[in-house]
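Okay, structure first, notes after.
Residue numbers (this note's numbering), protein chains in the order written: chain A, 1 to 114; chain B, 115 to 230.
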């Protein structure tokens, strides 16, 4: 069975500061990994994904994540936070089969202070 | 990118009534769609996998007689909450895998259900 662990429920940073959201996964097969963002009362938007190509993945809005197999991690980073980054962030894992289910972490709320 | 729509975006119904939520893939065909529910400040919980032309696969603990799923075409899946109760109030989100080389699950905007 696959699982995702997102430690902590809330991260607060100052505008312009580094954003680091942690994600660790557990999977018995090579995983695909995803980061999604959710704004209040909206669906999920894909930020970036790892699908066994480059281990450093760049996504939208300046976010990137690095797949580290030895650490079973896929942490999300952004060099400089913007007020508009305040949202809920979910890490998710799936296996590599077609139409596979996504397993989500519990999510992290990112707040950005002026 | 691919677009998934949901209708309605919000609905209020009385306890004991049924409500249907539609999920459509607007510009691609989806043989498989997923239905999630999300409580406030919580993550998405997969309810069921909807397969076109066949029965849905429900996750453990989800009442299949209460949450009826029909995937009648390659672009439409519906979730019907039967005999709704206040505890069914939640945010329901559907999704579908995109086609082709883009390995990405596209999410609908969600439906807020309130049962009074």
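Note that beta-carbon positions come from the ideal geometry of N, C-alpha and C, so glycine has one too. None of the values given here were measured: they were computed from a predicted structure.
- For residue 188/B, no chain A residue has a C-beta closer than 8 Å to its own C-beta; the minimum C-beta separation is roughly 13 Å.
- Look at residue 9/A here: in three-state DSSP terms it is coil, with no helix or strand label.
- Distance from the Cα of residue 16/A is smallest, within the candidate group 60/A, 86/A, 4/A, for 86/A.
- Neighbours of residue 154/B in chain A, taken as residues at a C-beta separation under 7 Å, are lacking, since the least C-beta distance is about 10 Å.
- With a threshold of 8 Å between beta carbons, residue 218/B makes contact with chain A.
- Around residue 223/B, the beta-carbon contacts reaching into chain A at under 7 Å are 42, 43.
- In terms of beta-carbon proximity, residue 7/A stays away from the interface with chain B, with every pair separated by 8 Å or more.
- Residue contact with chain B for residue 105/A: present (Cβ-Cβ distance below 8 Å to some residue of chain B).
- At a cut-off of 8 Å between beta-carbon atoms, residue 168/B makes no contact with chain A.
- Within the segment 85-99 of chain A, 90, 99 place their CB atoms closer than 7 Å to a CB of chain B, listed in sequence order.
- Put simply, the CB of residue 49/A is near chain B, with a gap under 8 Å to one of its CB atoms.
- CA-to-CA, the gap between residue 193/B and residue 124/B works out to about 14 Å.
- Between the alpha carbons of residue 181/B and residue 195/B lies a distance of about 5 Å.
- At a cut-off of 8 Å between beta-carbon atoms, residue 135/B makes no contact with chain A.
- Put simply, the backbone Cα of residue 153/B is about 12 Å away from that of residue 107/A.
- Looking at 205/B, 218/B, 165/B, the one whose alpha-carbon comes closest to that of residue 187/B is 165/B.
- Under the three-pair Cβ rule at 8 Å, the segment 218-225 of chain B counts as touching the segment 27-43 of chain A.
- Taking a C-beta distance under 8 Å as the contact criterion, residue 75/A and residue 22/A qualify as a contact pair.
- Per DSSP, the unbroken beta strand (DSSP E) holding residue 184/B starts and ends at 181-187.
- Taking the C-beta atoms as reference points, residue 116/B is found no nearer than 8 Å to residue 148/B.
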